[in-house]
Amino acid sequence: MLPEIGPEPAGDGTPFSDLTTMRVGGPAERVLVAHATDELVAYAQGLWDTDEPWMLLGGGSNTVMNDRGFPGTVLLVRTTGIAPVADDALPEGRIRLRVQAGHDWDHLVATCVENGWSGVEALSGIPGLAGAAPVQNIGAYGQELSDVLHSIEFLDRERGHARRIPADALGLAYRDSAIKQGLEGVVLSIDIVLTVGEPTRGARHAAPEVLSEPIAYAQLAGALGVELGDRVPIRELRESVLRLRASKGMVLDAEDRDSWSCGSFFTNPIVTERFARDLPESAPRFPQPVPEPVDAVTTFAELEAGLPVRVPEPEPERMVKLSAAWLIDQAGVRRGFRLPGSGAAISSKHTLAITNQGGATADEVAELARFVVQRVQQEFGVILAPEPNLYGLEL
Ligand SMILES: Cc1cc2nc3c(=O)[nH]c(=O)nc-3n(C[C@H](O)[C@H](O)[C@H](O)COP(=O)(O)OP(=O)(O)OC[C@H]3O[C@@H](n4cnc5c(N)ncnc54)[C@H](O)[C@@H]3O)c2cc1C
Numbered sequence: 002m003l004p005e006i007g008p009e010p011a012g013d014g015t016p017f018s019d020l021t022t023m024r025v026g027g028p029a030e031r032v033l034v035a036h037a038t039d040e041l042v043a044y045a046q047g048l049w050d051t052d053e054p055w056m057l058l059g060g061g062s063n064t065v066m067n068d069r070g071f072p073g074t075v076l077l078v079r080t081t082g083i084a085p086v087a088d089d090a091l092p093e094g095r096i097r098l099r100v101q102a103g104h105d106w107d108h109l110v111a112t113c114v115e116n117g118w119s120g121v122e123a124l125s126g127i128p129g130l131a132g133a134a135p136v137q138n139i140g141a142y143g144q145e146l147s148d149v150l151h152s153i154e155f156l157d158r159e160r161g162h163a164r165r166i167p168a169d170a171l172g173l174a175y176r177d178s179a180i181k182q183g184l185e186g187v188v189l190s191i192d193i194v195l196t197v198g199e200p201t202r203g204a205r206h207a208a209p210e211v212l213s214e215p216i217a218y219a220q221l222a223g224a225l226g227v228e229l230g231d232r233v234p235i236r237e238l239r240e241s242v243l244r245l246r247a248s249k250g251m252v253l254d255a256e257d258r259d260s261w262s263c264g265s266f267f268t269n270p271i272v273t274e275r276f277a278r279d280l281p282e283s284a285p286r287f288p289q290p291v292p293e294p295v296d297a298v299t300t301f302a303e304l305e306a307g308l309p310v311r312v313p314e315p316e317p318e319r320m321v322k323l324s325a326a327w328l329i330d331q332a333g334v335r336r337g338f339r340l341p342g343s344g345a346a347i348s349s350k351h352t353l354a355i356t357n358q359g360g361a362t363a364d365e366v367a368e369l370a371r372f373v374v375q376r377v378q379q380e381f382g383v384i385l386a387p388e389p390n391l392y393g394l395e396l
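And the structure:
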């Protein structure tokens, strides 16, 4: 039996166009809203008992639902709260915070900046809720959640109970995680570890003016008039990131149709260096870290334990990350582009965002995305992968 739902703003039949930032998609057959962790656990376990279709939704900023809607229960995560966690293992000058899954991500960042805790300031302005942040290991302007994530509390469907999973067991990678790859369950809370900043001399604010982590993104360093690797007061960094993001339609603004989107619609493709050699010289390429070579010597202990003899592995290929925005633009799909009669368009501020310019359907969004994928594949032989979670939509 599922617990009863109290009066909520979103009820059964609410269309996904009201629940997601892309503002497309048909109705959710049934909607449950969890405001407390025990409620979230009870709802999820109740749903798993029924074995009916279910899905989780946070802020809906990385979700595109098809026009027919979802024939099952949508569980909205609305648990909030940030609290420090005592941790003797932490070195001095660090703080560990526990953030409930339904807490607004940018409110968390603002709180950290206000308190002089650095580590997430470059992630200012990313829409959505904390529980979804590990799902695609959110990242921007040279920071990623994985830089600060300590662990998550995870209600595991297969095991039937909640467990703490350390960050390094989550398969966090560029816009990817074990959860995105199919580990089924609910992120109940996330723990992050931040640096308690040293106040800078001559602080202008009443609260300590502490320095950011070293800036790792050239455009951001340029906007701040500093060098890569420099540190600036975290308030300044947050403000600069928010300005940069707004200029690209990357902060939510009901008045700005370019922000009626999921942010970047495609991930930056990672290809072998060999493949990238054939691309035009002007194509941006970002070398990826080379994986550690696996030791090819089998130890006596391993042999005694009955493990197979290790075979030397071929040297791993060097990989480079390409710019999806560059590929799309150079394939001739420019900012503001839209297919005839469609309400979906490439953002007028950023080539990587597919937007709803008003009245778009999910089919129109998918049609434009397919067009982009085809153009880039024809031009460069690269197949772009969507970043948002698509429900009942094929590219
Ligand atoms: C304008 C704009 C700019 C953006 N910029 C960035 C950016 O710079 N960097 C970036 O990384 N992303 C960016 N995004 C994408 C998005 O904001 C992030 O992916 C965000 O973390 C999604 O959070 P959400 O709560 O809205 O997720 P939702 O869309 O609600 O959910 C996303 C996925 O996570 C699952 N999920 C949600 N909550 C939980 C939970 N508690 N436990 C387990 N699974 C859960 C959902 O089922 C779904 O599959 C942007 C989006 C927009 C609209």
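Heads up: the sequence shown begins at 2 in my numbering, then just goes up one per residue.
Yeah, the Cβ is synthetic: ideal placement off N, Cα and C, and Gly gets one too.
| Check | Outcome |
| --- | --- |
| On the three-state DSSP scale, how would you describe VAL32? | strand |
| Please determine whether the Cβ atom of MET66 lies at a distance below 7 Å from any heavy atom of ligand 1. | no |
| Is SER152 helix, strand or coil by DSSP? | strand |
| With C-beta atoms as the reference, is SER152 less than 8 Å away from PRO167? | yes |
| If you check the beta carbons only, do LEU171 and ALA163 fall under 8 Å apart? | no |
| Under a Cβ-count criterion, where at least 16 other Cβ atoms within 10 Å of its own Cβ denotes burial, should PHE301 be classed as buried or exposed? | exposed |
| Just how far apart, CA to CA, sit GLY143 and GLU122? | 10 Å |
| Less than 7 Å between the CB of THR356 and some heavy atom of ligand 1, yes or no? | no |
| Can we say the region 106-121 touches the region 216-224, given the rule of at least three CB pairs closer than 8 Å? | no |
| Does the Cβ of ILE355 have 16 or more other Cβ atoms within 10 Å, making it buried, or fewer, making it exposed? | buried |
| Which one of GLN331, PRO292, ASP296, PRO309 has the shortest CA to CA distance from ARG319? | PRO292 |
| Indicate, with yes or no, if ligand 1 has a heavy atom lying under 7 Å from the CB of SER262. | yes |
| Which two residues bound the contiguous alpha helix (DSSP H) that contains VAL110? | 106-116 |
| Going along the chain, which residues of its own chain have a beta-carbon closer than 6 Å to the beta-carbon of MET66, five neighbours each way excluded? | PHE17, GLY26, TYR392 |
| Between the beta-carbon of ASN390 and the beta-carbon of THR64, is there less than 8 Å? | yes |
| By how many angstroms is the C-alpha of VAL312 removed from the C-alpha of GLN46? | 44 Å |
| Is the CB-CB distance between ILE271 and LYS350 below 8 Å? | no |
| Would you say the beta carbon of LEU57 is closer than 7 Å to some non-hydrogen atom of ligand 1? | yes |
| For VAL310, count the other beta carbons within 10 Å of its own beta carbon; 16 or more makes it buried, fewer makes it exposed. Which is it? | exposed |
| If you drop the 5 nearest sequence neighbours on each side, which residues of the same chain put their C-beta closer than 6 Å to that of ASP231? | ILE216 |
| When the Cα of PHE1 is compared with those of LEU396, VAL42, LEU212, which residue comes out closest? | This structure cannot speak to residue 1, because the chain is shown only from 2 to 396. |
| Could you check whether the region 375-384 touches the region 55-62, counting it as contact only if at least three pairs of C-beta atoms, one from each stretch, sit closer than 8 Å? | no |
| How is the beta strand (DSSP E) around LEU243 delimited, first residue to last? | Note, LEU243: premise wrong, no beta strand (DSSP E); alpha helix (DSSP H) at 235-248. |
| For GLN101 and VAL187, I'd like the C-alpha separation in whole angstroms. | 12 Å |
| At a threshold of 7 Å, does ALA363 count as lining ligand 1 (C-beta to nearest heavy atom)? | no |
| May I ask whether a heavy atom of ligand 1 can be found less than 7 Å away from the beta carbon of LEU150? | no |
| From ALA134 to GLU305, what distance separates their C-alpha atoms? | 43 Å |
| Where do the ends of the beta strand (DSSP E) carrying THR64 lie? | 64-66 |
| Which whole-angstrom value is the C-beta distance of VAL195 and LEU98, which I expect to be below 8 Å? | With the sequence shown as reference, residue 195 is identified as Leu, and Val is not the correct amino acid for it. Indeed, because the Cβ distance is near 7 Å, the residues count as touching under 8 Å. |
| CB-CB under 7 Å to GLU228, same chain, minus the five flanking residues each way: which ones, in chain order? | ALA222 |
| Would you mind working out which of ASP68, VAL233, GLY82, ALA297 sits nearest ALA367, comparing C-alpha positions? | ASP68 |
| Per DSSP, which residues does GLY186 bridge with? Please list them. | ASP157 |
| Tell me the DSSP secondary structure of ILE191 in three-state form. | strand |
| Would you mind sorting SER62 into buried or exposed? The rule is 16 or more other CB atoms within 10 Å of its CB. | buried |
| Nearest by alpha-carbon distance to PRO315: which of GLY132, ALA326, ALA297, CYS113 is it? | ALA297 |
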